[in-house]
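Working notes, structure below.
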């Protein structure tokens, strides 16, 4: 390979939900772009081996083999993990890390990353979430506001396709929506009952990255209507939900400017003291262990929050002895997650003459009603609650064998309602990741040490949520109401954030308002690592939005020869 | 009077003593010229799998509306699921549940379950249905049946590609649950 073949205009580290967006924007603007992916290639449709299988066509009918779980005690805890999806998750043994405190680090190493297996909830942040941490004294202001990102939210929503209802809510702003998925009859009842009782609490139809009614821009991507199969995490042969594989990567490839290199483990970013910028990326071929160096004028770091932080920490030079852009000493600190520990449910009588058709891939959202603009509880931060009503299979029967028993098992059963919390957590310097001093992975890269924990604020939020959820389930008409603290370790939320937070002040942050590394302006970090606080909304669409915004800024700077 | 089963015949011929059921299994098998075979990599031996399937078929028989557990080949599926997917303690519960079922049937009904008439099988299952040891066997049977093609498409309704989602619609009389 000649030097020219290793020189690009831009390098994107990671091909997941934000890396795909960086590739799309940069390629569309004419930049020859190399996407480095540490895992294997996954081509849309072709590499979805289980996508069309009915339960009885799976080797164990969807039951998870013990061998799979015993060999992967960590990754098998992830939502949606199973024999139909395991090929999109890493194997525990292949990718060790050090848990100083329990932290379930869920990873999907392949082209497309976790965009194949994400939750697909795509609410916008409210204006409050950007300013609440500083206003209420539990963090630092973002260097940007809702107004800065709103047009870029629109840009992303229009392309990926987001279904949702226009609800006109301060706590969860509207976006560019395709039609929402229906409420079922019990969800509608719950929404009405909760609103009638509280006035300011809203159960709304989910905002989800699904093509409920595709527009020309989606058809141009080769994607079609969501078929309501709800088998999303196996990869969707219809392109019904957004993934890098179905959308941004093939779109970028169509420009002729995209090169994707799978099996490319990034070792570090190379800093050039002469230019004061990064000159390229050191890569280790995952299979051959050959070391390669790729050069580019712009580098986007999109390896997922903790891996992007790891790459920066491992990018040392005489200018940055403690990691690229680490003048503040805060690189690897303020690592955050979403608090997903609590869930509740209850049964509800009636509605037995009502049913539904198809398998809804979305969930309803009980919009945050806590600490909105001012603190009104004994904790800080808000929580989004995901909820839905389901109908069990089977009714109770006195006859416990034979025809009557069988008939009872086949009938639609009673309805129930579930709720679970997605809670904001406080950014804390003590919650951190760092490189292990001696232990390395098979590519010679230091293992990541993770030290992240809950705090008293989380405990108070959990207590409040359990009280409120139980009360709202009762208001909705439920009985047999229970709430549980699942005791999840941080990380299992798969919303790890921070490590290289954005901020106005270079002494207190790693990235500026355009996601550029302070002190190394041609390196942009636009995945979860950049987060200054967690908010209470699902983060993926904000990563995509910040990525699109930053990529366009990078292109502007290049055009103005300022980069 | 139902025809004598093998056990009754053997007992009548003086080969085994009544009551010594468990100890006599090997002798019984030897007399039948059989050894207890176990499908490769499976927990349940052939007899246990057969018993499991007969129990499942008693719970979930073929009816006017759909084929039953046996027609769905649930025995092999039960064995697959319990062997590969159950935790050790849950595997043990199924094994001991089946053995308790076998011995209880012999002691209460004087026959092997498979040698009872369908009516007697149903009445026996009803009698033990609330026993704690029976729960894991029933759960496995239901799991295997309702994940089978027959269970999902004939007893339930499985729409492979719904094409759309309709949140609220009337339940038609007799409409089964979605698979």
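Residue numbers (the numbering used here), protein chains in the order written: chain A, 90 to 652; chain B, 242 to 420. All C-beta atoms in this analysis are idealised placements derived from N, C-alpha and C, irrespective of residue type, glycine included. A quick note: this is a predicted structure, and the numbers were derived from the prediction, not measured.
Where the beta strand (DSSP E) through residue i begins and ends
i	result
residue 356 of chain A	353-361
residue 574 of chain A	567-574
residue 382 of chain A	380-384
residue 481 of chain A	472-482
residue 190 of chain A	Neither: residue 190 of chain A is in no beta strand (DSSP E) and is coded neither H nor E.
residue 389 of chain A	387-390
residue 374 of chain A	366-374
residue 528 of chain A	521-529
residue 338 of chain A	Looking at the DSSP string, residue 338 of chain A is not in any beta strand (DSSP E); the run it does join, the alpha helix (DSSP H), is 338-343.
residue 56 of chain A	Outside the displayed range of chain A (90 to 652) lies residue 56 of chain A, so it cannot be described from this structure.
residue 100 of chain A	99-102
First and last residue of the uninterrupted alpha helix (DSSP H) at residue i
i	result
residue 128 of chain A	Element bounds for residue 128 of chain A: n/a, residue is neither H nor E.
residue 114 of chain A	106-117
residue 346 of chain B	329-350
residue 455 of chain A	Unbroken run through residue 455 of chain A is the beta strand (DSSP E), 453-455; no alpha helix (DSSP H).
residue 666 of chain A	For chain A, the structure presents residues 90 to 652; residue 666 of chain A sits outside this window and is missing.
residue 319 of chain B	315-326
residue 281 of chain A	274-287
residue 159 of chain A	155-160
residue 297 of chain B	287-300
residue 378 of chain B	376-386
residue 235 of chain A	235-249
Residue i Cβ short of 7 Å to the ligand COA heavy atom set
i	result
residue 232 of chain A	Absence of the ligand COA is noted for the structure shown, with no ligands found whatsoever.
Beta carbon of residue i nearer than 8 Å to that of residue j
i	j	result
residue 290 of chain B	residue 317 of chain B	yes
residue 256 of chain A	residue 291 of chain A	yes
residue 414 of chain A	residue 606 of chain A	yes
residue 587 of chain A	residue 330 of chain A	no
residue 632 of chain A	residue 106 of chain A	yes
residue 611 of chain A	residue 386 of chain A	yes
residue 492 of chain A	residue 304 of chain B	yes
residue 450 of chain A	residue 321 of chain A	yes
residue 313 of chain B	residue 415 of chain B	no
residue 285 of chain B	residue 297 of chain B	no
residue 661 of chain A	residue 164 of chain A	Lying before the first or after the last residue shown, residue 661 of chain A is absent from chain A, which here runs from 90 to 652.
residue 143 of chain A	residue 386 of chain B	no
residue 403 of chain A	residue 357 of chain A	yes
residue 375 of chain A	residue 355 of chain A	no
residue 193 of chain A	residue 578 of chain A	yes
Coarse secondary structure for residue i, derived from DSSP in three states
i	result
residue 362 of chain B	helix
residue 411 of chain B	strand
residue 593 of chain A	coil
residue 515 of chain A	coil
residue 640 of chain A	helix
residue 402 of chain B	coil
residue 499 of chain A	helix
residue 404 of chain A	coil
residue 214 of chain A	coil
residue 425 of chain A	strand
residue 223 of chain A	helix
residue 420 of chain A	coil
residue 435 of chain A	strand
residue 392 of chain B	helix
residue 370 of chain B	coil
residue 541 of chain A	coil
residue 615 of chain A	coil
residue 322 of chain A	helix
residue 145 of chain A	helix
residue 331 of chain A	coil
Whole-number beta carbon distance between residue j and residue i, since they are thought to touch under 8 Å
i	j	result
residue 371 of chain A	residue 125 of chain A	Not a contact, Cβ separation roughly 10 Å.
residue 409 of chain B	residue 273 of chain A	5 Å
residue 102 of chain A	residue 275 of chain A	45 Å between Cβ atoms; not a contact.
residue 581 of chain A	residue 570 of chain A	About 24 Å separates the two Cβ atoms, so there is no contact after all.
residue 233 of chain A	residue 518 of chain A	In fact, because the Cβ distance is near 22 Å, the residues do not count as touching under 8 Å.
residue 616 of chain A	residue 391 of chain A	5 Å
residue 347 of chain A	residue 112 of chain A	6 Å
Pairing CB atoms from the segment 309-320 of chain A with CB atoms from the segment 472-481 of chain A, are three or more of them under 8 Å? no
So, does the segment 125-137 of chain A touch the segment 199-212 of chain A, judging by three or more C-beta pairs under 8 Å? yes
Decide if the segment 209-220 of chain A is in contact with the segment 621-632 of chain A; the criterion is three or more beta carbon pairs, one per stretch, under 8 Å apart. yes
Segment contact flag, the segment 463-472 of chain A with the segment 220-240 of chain A, C-beta cutoff 8 Å, min 3 pairs: yes
Is there contact between the segment 166-180 of chain A and the segment 526-538 of chain A, where contact requires at least three CB pairs shorter than 8 Å? no
Using 8 Å as the cut-off, can you tell me whether the segment 321-330 of chain B makes contact with the segment 139-158 of chain A, which would need three or more C-beta pairs spanning the two stretches below that distance? yes
On the three-pair Cβ rule with 8 Å, is the segment 364-384 of chain B touching the segment 241-253 of chain A? no
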